[in-house]
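This note's numbering applies: residue 133 is where the sequence shown begins, and numbers increase by one. Here is the structure we will look at.
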Amino acid sequence: MPEANDIKGVDTPAVDTNAATDVIGKSKIFTPEVINDIHVKSELGRYRMRGFSLFKKIPHWDELVFLPGTLTRFVIEGYREKCETKTTIGGRFAAKPMELDIPVYITGMSFGALSIEAKQALAKGASMAGSATCSGEGGMIPPERDLSTKWFYQVIQSRYGFNPHHLMLADAVEFFIGQGCKVGLGGHLMGQKVTEQVAEMRSLPAGIDQRSPARHPDWIGPDDLSLKIQEIREATNYEIPIQLKLGSSRVYDDVRMAAKCGPDSIYLDGAEGGTGAGPHLATEETGIPLMAAIPEARRALEDVGLADDVDLVVAGGIRNGGDVAKCLALGAKAVALGTAALMALNCNKHIEGVTDYEGTIGVPAGECYHCHTGRCPVGVATQDVELRARLDVDEAALRVYNYLHTLTMEVQLLARACGKTDIHSLEPEDLAALTHEAAAMAKVPLAGTTYIPGVSEERALQEMKDMMAKQLAESGRN
133 MPEANDIKGV DTPAVDTNAA TDVIGKSKIF TPEVINDIHV KSELGRYRMR GFSLFKKIPH
193 WDELVFLPGT LTRFVIEGYR EKCETKTTIG GRFAAKPMEL DIPVYITGMS FGALSIEAKQ
253 ALAKGASMAG SATCSGEGGM IPPERDLSTK WFYQVIQSRY GFNPHHLMLA DAVEFFIGQG
313 CKVGLGGHLM GQKVTEQVAE MRSLPAGIDQ RSPARHPDWI GPDDLSLKIQ EIREATNYEI
373 PIQLKLGSSR VYDDVRMAAK CGPDSIYLDG AEGGTGAGPH LATEETGIPL MAAIPEARRA
433 LEDVGLADDV DLVVAGGIRN GGDVAKCLAL GAKAVALGTA ALMALNCNKH IEGVTDYEGT
493 IGVPAGECYH CHTGRCPVGV ATQDVELRAR LDVDEAALRV YNYLHTLTME VQLLARACGK
553 TDIHSLEPED LAALTHEAAA MAKVPLAGTT YIPGVSEERA LQEMKDMMAK QLAESGRN
C-alpha cells in the first residue's frame, strides 16, 4: 500500500507537521505588537501611557484631491495676481476679533509638557509669521506672552494656573472642553516633568503625576456654560473672542449645543490630534477623523442658522498646505497646528553628535513617541536643563516661521489653481475623493463621478417622495 505522501507513484518527502520550520501563516489579530502589548501590561498592571498621535491607519487627507481650473474655471496667475490669506476669528460678539495674516496658528501646548525654550520659539516664530499661539494648560508664562503678538489664553477643567490678571492680557480666550486624541478624558502631565516651577504655577506638589478632571467644575450643562461665557465676556469688557475647544465625537449634536451657548468660534480637534501624554488605548480608540468631523460641524451650524456667525477652527494631524487647504474647502475658517509645529522645532530629528534616540529613548529618530517621559533628545518636550540647552530659541523660531510661511504659500498655490483670489473661497466642490470612505466622510463626490455615498441615496429617496407626493396631489384634483 503506497504511503500517504506518494502521489501516483512519485515519491514526495514526508512532512513533519511538528517541525518548528513549518509556517502556515501569521495572525493578523495577534500581531507581534499586540503580543508585546499584552506582555507589557501583564507586567505593569495598568494601561500604557505615551505621547504623539494616532498610530492606526484611518481615512486621511491623502484620499482627497483638488479639481483645479482648466477650461471651465479661470485660474489665478501666481506671483502676479494676489491671493488673500488674512484670517479673522471670532467676530460674532467680540469688539476686537483675532486678526491673523495667515490661516494657521499654534495650538495650546502647556509649559510643563513643553520646555520654556520650546514655548518661546513657537511664540516668536508665530509672531514673525503674523500668527498666534495659545497658552495651553497650566497658565501663562511671561516669556511666551512677551513674544506673542496674538495670544489665546486657555481656561481648563482643573483651573491649573488660572489668573484673572493674565486673562486681561489675552487677545482671545479658549475654553478647553476636550481634545481629539483622548475625547472624554482630562489632561495628563507625568511627575518627571512637574518641576518646582511647573508645580508652583499649577499649585501642585513637585514630582507628582498631574491629571486634570474630565469635566469643568463651573458648569454641568449648556445653561451653566452660557453663563460662564457671559461672565468671561463681562470680565474682558466684550472686547476679545471666546472659543470653545471640543474633541471630535458626537460632532453634530455637540456643535449645535456649543453654538447656542454663545461663543465666537468653535475649535474642533480630530482623532489624529496629538498629546504630550495620554493613555495609548484612548489615543487609538476615541474620537472620529477630522475629515468626517468638519462637514458634520458645518451642517450643525447651518441647521441652527449660525454658519455665518460662528467661526470654525480645526486641528488634528495637519502636515502640509494641502491638508490646510482641504480643511478650508470643507468649511474651516482657520487651522491650528500642534505636532507638526513641534517637528519644526526638530522633534524626531537626528542631530549628528548631539542626539542618541536609540540609546536614550529606545527607538530611532522619526519613530519617537516618548514625550511623556521628559527625556526628549532635542529639548522640546522636557524640563531637563541639559536637554533643554539643545534647543536654540532664535534658530528654532526661524524654522517655525519658515514652516508656517511655507504652509501658507502651499495653500495659496492650490487656491490659485482652483481659481480663487482668497483662500477662504475654497469650497467642497473643489474636491474629489479617491476612496468610498473619504467620499462618505468628507461629503464630496468620488473622483470621476457625481456619487457621494449616503448623500446621493438620500437625495434620490427625497426626489422619489416628492414625485409621489406630486402625483398624489394631481390625482386628487382629478
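For glycine and all other residues, C-beta sits at the position ideal for the given N, C-alpha and C.
Leaving aside the five residues before and after residue i along the sequence, list all residues of the same chain whose C-beta is less than 8 Å from its C-beta, in chain order.
i: Leu477; result: Ala250, Ala253, Leu254, Val510, Val512, Leu523, Ala528, Arg531, Val532
i: Ile584; result: Ala571, Ala572, Lys575, Val576, Pro577, Leu578
i: Gly213; result: In the sequence as displayed, the identity of residue 213 is Glu instead of Gly. Once the five neighbours on either side are set aside, the close Cβ partners of Glu213 are Arg548, Thr553.
i: Ile139; result: The predicted position of Ile139 is uncertain, since its pLDDT is 49 and thus under 50; no value can be drawn from it.
i: Val387; result: Leu378, Ile398, Leu400, Glu428, Ala429, Ala432, Leu433
i: Ile493; result: Cys500, His502, Thr505, Arg507, Pro509
i: Leu232; result: Lys218, Thr219, Thr220, Ile221, Gly262, Ser263, Ala264, Lys282, Ala466
i: Thr582; result: Ser588
i: Ala521; result: Gly511
The beta strand (DSSP E) spanning residue i covers which residue range?
i: Lys314; result: First-last for Lys314: undefined, no H or E at that position.
i: Ser397; result: 397-401
i: Pro427; result: Looking at the DSSP string, Pro427 is not in any beta strand (DSSP E); the run it does join, the alpha helix (DSSP H), is 422-435.
i: Val446; result: 443-447
i: Glu195; result: Counting along the chain, Glu195 falls outside any beta strand (DSSP E), and DSSP gives it neither H nor E.
i: Gln289; result: Gln289 -> no beta strand (DSSP E), and no H or E assigned at all.
i: Leu563; result: 563-565
i: Met181; result: 181-184
i: Val467; result: 466-469
Near residue i, what residues of its chain come up, given a Cβ to Cβ distance below 7 Å and the 5 sequence neighbours on each side ignored?
i: Leu628; result: Nothing can be reported for residue 628, as the shown portion of the chain is limited to 133 through 610.
i: Lys228; result: Glu371, Ile372
i: Lys481; result: Ala497, Val510
i: Pro134; result: Note that Pro134 scores a pLDDT of 49, beneath 50, so its modelled location is shaky and nothing firm can be said.
i: Val587; result: Lys575
i: Glu416; result: Leu186, Phe187, Lys188
i: Ala461; result: Leu558, Glu559, Pro560, Asp562, Leu563
i: Ala136; result: Low local confidence applies: a pLDDT of 49 at Ala136 is under 50, so the model's placement there is unreliable, with the coordinate-based value given in what follows. No residues qualify anywhere along the chain.
i: Ala414; result: Lys314, Leu317
i: Thr487; result: Ala497, Pro509, Val510
i: Arg277; result: Trp283, Leu301
Here's a check: name, in chain order, each residue in its chain whose Cβ is nearer than 6 Å to the Cβ of residue i, leaving out the five neighbours to either side.
i: Val543; result: Gly453, Val456, Ala457, Ile555
i: Arg451; result: Ala472
i: Ser335; result: none
i: Pro200; result: Ala549, Cys550
i: Asp441; result: Arg224
i: Thr567; result: Glu195
i: Arg205; result: Gly551
i: Met260; result: Tyr533
i: Tyr535; result: Ala476
i: His412; result: Arg180, Arg182
Under the assumption that residue i contacts residue j (Cβ atoms under 8 Å), give the Cβ distance between them as a whole number of angstroms.
i: Leu299; j: Thr368; result: 7 Å
i: Ala468; j: Ala447; result: 4 Å
i: Met241; j: Lys282; result: Actually they do not touch by this definition, with Cβ atoms about 16 Å apart.
i: Val326; j: Gly339; result: 6 Å
i: Phe284; j: Glu306; result: 5 Å
i: Ser344; j: Gln289; result: 5 Å
i: Gly410; j: Met181; result: 7 Å
i: Ala464; j: Leu438; result: No, Ala464 and Leu438 are not in contact; Cβ-Cβ is about 15 Å, not under 8 Å.
i: Pro395; j: Ile364; result: Not a contact, Cβ separation roughly 10 Å.
Per DSSP, what are the beta-bridge partners of residue i in this structure?
i: Gln342; result: Leu321
i: Ile372; result: Answer is none; Ile372 lacks a bridge partner.
i: Cys266; result: Gly240, Phe284
i: Glu417; result: Answer by DSSP bridge pairing: none, since Glu417 is not bridged.
i: Phe307; result: Val287, Leu376
i: Glu216; result: Asp554
i: Met230; result: Ile221
i: Leu246; result: Phe243
i: Leu578; result: Ala565
Going by the C-beta, is residue i closer than 7 Å to any heavy atom of the ligand HEM?
i: Ser174; result: With respect to the ligand HEM, the structure shown offers nothing to examine, as it has no ligands at all.
Residue range of the alpha helix (DSSP H) that residue i falls in?
i: Pro235; result: Element bounds for Pro235: n/a, residue is neither H nor E.
i: Ile221; result: Note, Ile221: premise wrong, no alpha helix (DSSP H); beta strand (DSSP E) at 219-221.
i: Thr407; result: Run containing Thr407: none in the alpha helix (DSSP H); it sits in the beta strand (DSSP E), 407-411.
i: Leu299; result: 296-299
i: Asp169; result: 164-176
i: Asp488; result: Asp488 -> no alpha helix (DSSP H), and no H or E assigned at all.
i: Met272; result: Unbroken run through Met272: none, as it is neither H nor E.
i: Lys458; result: 453-462
i: Tyr211; result: Element bounds for Tyr211: n/a, residue is neither H nor E.
i: Val495; result: Careful: Val495 lies outside any alpha helix (DSSP H) and carries neither H nor E.
i: Tyr384; result: 383-392
i: Val525; result: 525-549
Contact criterion: CB-CB distance below 8 Å. Does residue i meet it with respect to chain C?
i: Ile238; result: Annotation note: the requested chain C is absent from the structure, which comprises a single protein chain.
Are the stretch 398-411 and the stretch 307-326 touching, with three or more C-beta to C-beta distances below 8 Å?
yes
Given 8 Å, three or more beta-carbon pairs between the stretch 466-474 and the stretch 415-431:
no
Using 8 Å as the cut-off, can you tell me whether the stretch 164-172 makes contact with the stretch 377-395, which would need three or more C-beta pairs spanning the two stretches below that distance?
Segment contact: the stretch 164-172 against the stretch 377-395, fewer than three CB-CB distances shorter than 8 Å; contact not assigned.
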